[in-house]
Amino acid sequence: MTTTLLTDADILDAHGRRRGAWILLDGDRIAKVGSAVTPTPPAERQLSLPGRTLTPGFIDLHGHGGGGAAYDNGEDEIRAALAVHRAHGTTRSVISLVANPLEQVEESLRLVARLASEDPTIVGSHLEGPYLAIGRRGAHAPEYLTQPDPAVTERLLDAGGASIQQVTIAPELPGAIEAVRRFAEAGVVVAVGHTEADEKLTREAFDAGATLVTHIFNAMPGIHHRDPGPIVAGFDDDRVTLELVLDGVHVHPSVAQMTFRAAPHRVALVTDAMAAAGGDDGYYRLGTLNVTVQNGVAMLNGTQTIAGSTLTQDSALKCAVTGAGVNEVSAIEALTLTPARVLGRDDEWGLLADGYAADVVVLDSAWQVERVWAAGAEVGGDA
23 MTTTLLTDAD
33 ILDAHGRRRG
43 AWILLDGDRI
53 AKVGSAVTPT
63 PPAERQLSLP
73 GRTLTPGFID
83 LHGHGGGGAA
93 YDNGEDEIRA
103 ALAVHRAHGT
113 TRSVISLVAN
123 PLEQVEESLR
133 LVARLASEDP
143 TIVGSHLEGP
153 YLAIGRRGAH
163 APEYLTQPDP
173 AVTERLLDAG
183 GASIQQVTIA
193 PELPGAIEAV
203 RRFAEAGVVV
213 AVGHTEADEK
223 LTREAFDAGA
233 TLVTHIFNAM
243 PGIHHRDPGP
253 IVAGFDDDRV
263 TLELVLDGVH
273 VHPSVAQMTF
283 RAAPHRVALV
293 TDAMAAAGGD
303 DGYYRLGTLN
313 VTVQNGVAML
323 NGTQTIAGST
333 LTQDSALKCA
343 VTGAGVNEVS
353 AIEALTLTPA
363 RVLGRDDEWG
373 LLADGYAADV
383 VVLDSAWQVE
393 RVWAAGAEVG
403 GDA
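Residue numbers (the working numbering): 23 to 405.
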């Protein structure tokens, strides 16, 4: 395996910023991390990166596509979309699937399971549907949304197996709490989202095993001082991580800053990106629905309903630090260690430390991605 030594750069991860450090990559792992006063080991390749910041690779728990391609449309489009996000620093991706006919979802789950077994950068799948509230469906076709059905749940679990990483459920639907328990028992991360649930019912879902909120603030009731709803329940429960789409559109920067302050170490930045991420304005599809992207904002045709985002994780980082005033360590944690913890992989992903995955992003002083290593392979390079 090739060894690569990255030197003369700052390291920034959830443990803080370390100046003048170096990292030795050996195959798909970080062999050693050292400081300016530590002798550098030999390596087959050495890169000096003065003025740059090295961070762990970004992890995206929730995305639907990019570069004109959608994750629901087969292997070629999944690979094309992932290539766009890799170039923007995302080294581990959960493949989110919108509500579609059950047979099509099963086919997608089987495909993602196979790809995840072949490609370590593909973590698995996220079922955003079919158990969503019609009135909070966002960009999901209503005809494919259903109430939780034990037989359907088993079909989904059979199709995806251990590769299903996450499922979003509206807990107010009949049978939803039982579905939360079943998915959680199967090792799936259950998220509350696309919901009309009140605070009490949301807390019941958390007690049943839900540990995540799908894109908090979006597709759910807002906070009311006499009816706090699911947002307050999520903020108040230390077991729960909050997904946040930080593109300046889904959530105001001031609200994003408040979220980081109120739920330290529990915010996971996600893209919720659709096919237009990394692409141009124009007309796209999200599942079976038509989407118009104008000035980088995706809307269902003829409506004011946001249809995912055109976000990449490097833009989310920049928006967090320069737009919302989030501390750089907290922002990086929300892109790396926190989502790794959600997935139960924080012992190998999310830090620049000995033995961790060789997932590294090189940033310039303006938070722009210059180079990326994913599972030890340089994106667009030979390493």
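We treat Cβ as the ideally placed atom computed from N, Cα and C, and that holds for glycine.
query, result
"How far does the alpha helix (DSSP H) with G182 in it reach, from first residue to last?", "P172 to G182"
"If you drop the 5 nearest sequence neighbours on each side, which residues of the same chain put their C-beta closer than 6 Å to that of P243?", "G251"
"If we count the other Cβ atoms within 10 Å of its Cβ and call it buried at 16 or more, is P196 buried or exposed?", "exposed"
"Comparing alpha-carbon positions, which option in I81, A163, A109 and V106 lies nearest L119?", "A163"
"For A135, which option in W371, A388, E218 and G183 has the closest C-alpha, if you only look at C-alpha atoms?", "G183"
"Give me the DSSP bridge partner(s) of Y306.", "V313"
"From H84, F80 and E128, pick the residue whose C-alpha is nearest to that of A109; which is it?", "F80"
"Which residue from G345, R288, D336 and P275 puts its Cα closest to that of L365?", "R288"
"Going by the C-beta, is L308 closer than 7 Å to any heavy atom of the ligand GDP?", "Although the ligand GDP was asked about, the structure shown includes no ligands whatsoever."
"A405 by DSSP, collapsed to three states: which one?", "Annotation note: pLDDT 40 at A405 (below 50); position unreliable, no value reported."
"Name the DSSP beta bridge partners of M280, please?", "DSSP, once it has assigned bridges, lists no residue as partnering M280."
"According to DSSP, F80 sits in a beta bridge with which residue or residues?", "T112"
"So the candidates are H272, G56, D82 and L83; which of them puts its Cα closest to the Cα of L76?", "G56"
"Does DSSP classify I328 as helix, strand or coil?", "strand"
"Going by DSSP in three states, E150 sits in which element: helix, strand or coil?", "strand"
"Is it a yes or a no for the region 249 to 267 touching the region 309 to 320, going by three-plus beta-carbon pairs under 8 Å?", "no"
"Which residues does DSSP list as the beta-bridge partners of S118?", "H148"
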